[in-house]
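Structure first, then comments.
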Amino acid sequence: MGMFLNGVVLPFQKGNAPLNKIEDFRAQSSVRVPLVRLDMDTPVPSLPFEENASVAAGSVLYKEDNELPVLAPVAGTFGGTVVLQHPQYGKLLCAELIPGDGDEETLPVIPTEKLTPDDIIRIATEAAIYDELDGVPLAEKLACWQLPENDVASPNYVLVADATENDVFGSSAWAILDEEPEAALLGLQLAAKAMRFTRYHIATMLPKDKRRALKRAINRINVYTVADEYPVTQYADPRDEVFRIGIQACLALAKAVQEGRKSLTAVVTVAGDGVIYSRNLRVPYGANVADILAACNVTIEVDVVLGDAMTGIACPDTHTPLLPGTTTLLVMKPKAARVPQPCIGCGRCATVCHAQLLPYEIVRRAENMHFERLRRLTAQLCDGCGACSYICPADRDVAAAVLRAGETSGPVFLNWGGNEDE
Ligand code: SF4
Ligand code: SF4
Numbered sequence: 000m001g002m003f004l005n006g007v008v009l010p011f012q013k014g015n016a017p018l019n020k021i022e023d024f025r026a027q028s029s030v031r032v033p034l035v036r037l038d039m040d041t042p043v044p045s046l047p048f049e050e051n052a053s054v055a056a057g058s059v060l061y062k063e064d065n066e067l068p069v070l071a072p073v074a075g076t077f078g079g080t081v082v083l084q085h086p087q088y089g090k091l092l093c094a095e096l097i098p099g100d101g102d103e104e105t106l107p108v109i110p111t112e113k114l115t116p117d118d119i120i121r122i123a124t125e126a127a128i129y130d131e132l133d134g135v136p137l138a139e140k141l142a143c144w145q146l147p148e149n150d151v152a153s154p155n156y157v158l159v160a161d162a163t164e165n166d167v168f169g170s171s172a173w174a175i176l177d178e179e180p181e182a183a184l185l186g187l188q189l190a191a192k193a194m195r196f197t198r199y200h201i202a203t204m205l206p207k208d209k210r211r212a213l214k215r216a217i218n219r220i221n222v223y224t225v226a227d228e229y230p231v232t233q234y235a236d237p238r239d240e241v242f243r244i245g246i247q248a249c250l251a252l253a254k255a256v257q258e259g260r261k262s263l264t265a266v267v268t269v270a271g272d273g274v275i276y277s278r279n280l281r282v283p284y285g286a287n288v289a290d291i292l293a294a295c296n297v298t299i300e301v302d303v304v305l306g307d308a309m310t311g312i313a314c315p316d317t318h319t320p321l322l323p324g325t326t327t328l329l330v331m332k333p334k335a336a337r338v339p340q341p342c343i344g345c346g347r348c349a350t351v352c353h354a355q356l357l358p359y360e361i362v363r364r365a366e367n368m369h370f371e372r373l374r375r376l377t378a379q380l381c382d383g384c385g386a387c388s389y390i391c392p393a394d395r396d397v398a399a400a401v402l403r404a405g406e407t408s409g410p411v412f413l414n415w416g417g418n419e420d421e
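Its first residue numbered 0, the sequence shown is counted upward by one per residue in numbering that gives the first Met the number 0.
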């Protein structure tokens with residue numbers, strides 16, 4: 000397997016966004032906050048607010064046992080509930096808030112040195128902090144990865160704040176490191192304390208001048224520079240075991256601990272050839288994508304992607320709320336759809352696969368329902384990075400097909416058998 004390279008080098012298309020300050024975006028139309036996913040038997044929750052009641056930013060709209068509270072991201076008026084279809088999360092019941100003036104509810108502040116690991120996890124829960132890397136609650140990760148006291152293995156573990164932005168257009172992590180490096184580092188230190196890790200650093204792929212500025216601003220041993228390739232596979236010394244959280248989650252934790260601020264916003268890069276220039280906006284969760292486009296003076300017909308070029312998901316309806324886990328809004332002028340051609344067997348998809356899979360072979364076996372063979376090709380190790388689709392000269396969506404194959408190579412299909420002689 001040593002012949003495989005890892006990943007591809009992507010063109011730099013971040014534009015002006017990393018050069019400018021983060022701009023505050025103020026929601027104009029209603030903000031929609033998901034309360035529950037409407038699966039088959041989900042009961043509709045009762046809410047503590049009457050319609051037209053005033054709501055403070057940060058107040059709890061809804062809370063299920065053992066879950067993060069659902070917070071009001073903006074102050075304003077409660078407008079009732081609405082059901083919508085979200086491209087990532089499916090059918091959601093959302094609270095609707097009409098933005099207006101009002102207070103912001105905060106948490107009590109406890110001196111940092113007095114905080115125990117469990118205090119930090121409790122604060123991450125009450126502040127409703129989500130990890131922007133995957134939309135998972137930060138508290139869930141901290142609790143799950145927390146080591147027992149005096150764990151002998153702890154020196155081998157390193158907590159990494161991923162600020163690489165190794166995809167094509169996104170630069171929100173770079174913008175945060177530019178503006179609040181000390182606070183981001185403090186949040187990382189608090190997360191490490193919650194997990195009882197002794198080692199932590201920020202992984203970056205910054206241009207040289209920005210990297211130097213960051214190392215001057217915080218201790219240089221807390222900065223790790225990764226190779227310029229996509230996807231990043233090495234966030235620390237290869238001998239270490241890496242646990243990864245987002246830099247926005249770190250910053251939110253620092254603000255919750257130091258200032259009692261709850262996590263109500265995300266920094267989002269708006270970029271692509273459908274905007275005049277790329278920018279980083281601080282956007283309340285639940286803000287309407289159409290509103291964000293209007294703030295960026297988008298008046299032409301565009302295609303919108305939630306996420307960056309390699310792993311984003313199409314957003315056909317711009318009346319969609321922006322939710323935790325999205326840090327790039329890709330706005331593109333419509334292009335003629337490319338028609339996938341038959342595989343020419345060039346093997347490039349295998350060359351770039353960091354998981355060292357054979358994507359073309361996986362797809363072939365899946366299409367021919369050779370499930371026994373498919374199992375040996377370990378398609379379930381695919382993380383959907385998209386490098387194989389990017390490199391494919393036949394314009395095939397190889398990544399999607401491998402992901403599907405990973406799902407269908409489970410025991411149900413294995414029971415159908417497959418031809419061992421193929
Ligand atoms: S999407 Fe999956 S198969 Fe394709 S390069 Fe990435 S890990 Fe490999
Ligand atoms: S890169 Fe595309 S054409 Fe080449 S082997 Fe892979 S799937 Fe086939």
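All C-beta atoms, glycine included, are put in the ideal place defined by N, C-alpha and C. These figures come from a predicted structure and were not determined experimentally.
In the DSSP assignment, E240 falls within the beta strand (DSSP E) that extends over 240–245.
Annotation note: the stretch 290–330 contains the following uninterrupted beta strand (DSSP E) runs of length 3 or greater, listed N- to C-terminal: 302–305.
Here G75 carries a strand assignment [DSSP, helix/strand/coil]. In this structure, the C-beta of R337 stays at least 8 Å away from each heavy atom of ligand 2. Short note on G344: C-beta closer than 8 Å to some heavy atom of ligand 2. Taking 8 Å as the cut-off, the C-beta of P392 does not count as close to any heavy atom of ligand 1. In the structure shown, the three-state DSSP call for S53 is strand.
The stretch 333–340 makes no contact with the stretch 352–367, as fewer than three CB pairs between them are under 8 Å. Restricting attention to E50, V81, P44, the CA atom closest to the CA of D64 is found in P44. Excluding sequence positions up to five before and after D394, its CB lies within less than 8 Å of the CB of R337, V338, P339, Q340, all in the same chain and listed in chain order. The nearest non-hydrogen atom of ligand 1 is 8 Å or more from the C-beta of A308. Under the 10 Å beta carbon count, N296 is surrounded by fewer than 16 other beta carbons and is classified as exposed.
Taking all protein chains shown into account, N165 has 16 or more neighbouring C-beta atoms within 10 Å of its C-beta and is therefore buried. The straight-line gap separating the alpha-carbon atoms of V256 and G79 is approximately 32 Å. With a cut-off of 8 Å, the C-beta of C384 is classified as distant from ligand 2, since no heavy atom of the ligand falls inside that distance.
Within its own chain, the residues whose Cβ lies closer than 6 Å to the Cβ of S388, once the five positions on either side in sequence are excluded, are D396, V397, A398, listed in chain order. Going by C-alpha positions, C249 is about 19 Å away from L146. Three or more pairs of CB atoms, one per stretch, sit closer than 8 Å, so the stretch 25–39 contacts the stretch 283–298.
Ranking E22, G385, L373, G324 by CA distance to the CA of T310 puts G385 first. In this structure, A193 sits away from Y234, with a CB-CB distance that is not shorter than 9 Å. Look at L60 here: in three-state DSSP terms it is strand. Nearest to V241 by alpha-carbon distance, out of T264, R210, A191, N218, is A191.
At a cut-off of 8 Å, the beta-carbon of V274 does not count as near ligand 1: no heavy atom of the ligand is closer than that. Membership of T203 in any alpha helix (DSSP H) is not indicated; the residue belongs instead to the beta strand (DSSP E) covering 199–203.
Not one heavy atom of ligand 2 falls within 8 Å of the beta-carbon of R278. Between the alpha carbons of E179 and W144 lies a distance of about 26 Å. Per DSSP, the unbroken beta strand (DSSP E) holding D161 starts and ends at 156–162. Under the three-state reduction of DSSP output, N221 falls in the helix class. In the structure shown, L187 falls within a helical segment according to DSSP collapsed to helix, strand and coil. The Cβ atoms of L329 and D307 sit closer than 9 Å to each other.
Separation of P358 and Y129 (C-alpha to C-alpha, rounded to the nearest whole angstrom) is 32 Å. Less than 9 Å separates the beta-carbon of K13 from that of A270. In terms of Cα proximity to I122, the closest of L96, E258, D100 is E258. C93 and L46 have their C-alpha atoms some 11 Å from each other. In the pairwise beta carbon analysis, the stretch 46–62 is classified as touching the stretch 95–109: at least three pairs are separated by under 8 Å.
For G273 against V301, the beta-carbon gap comes to about 4 Å, under 8 Å, which counts as contact.
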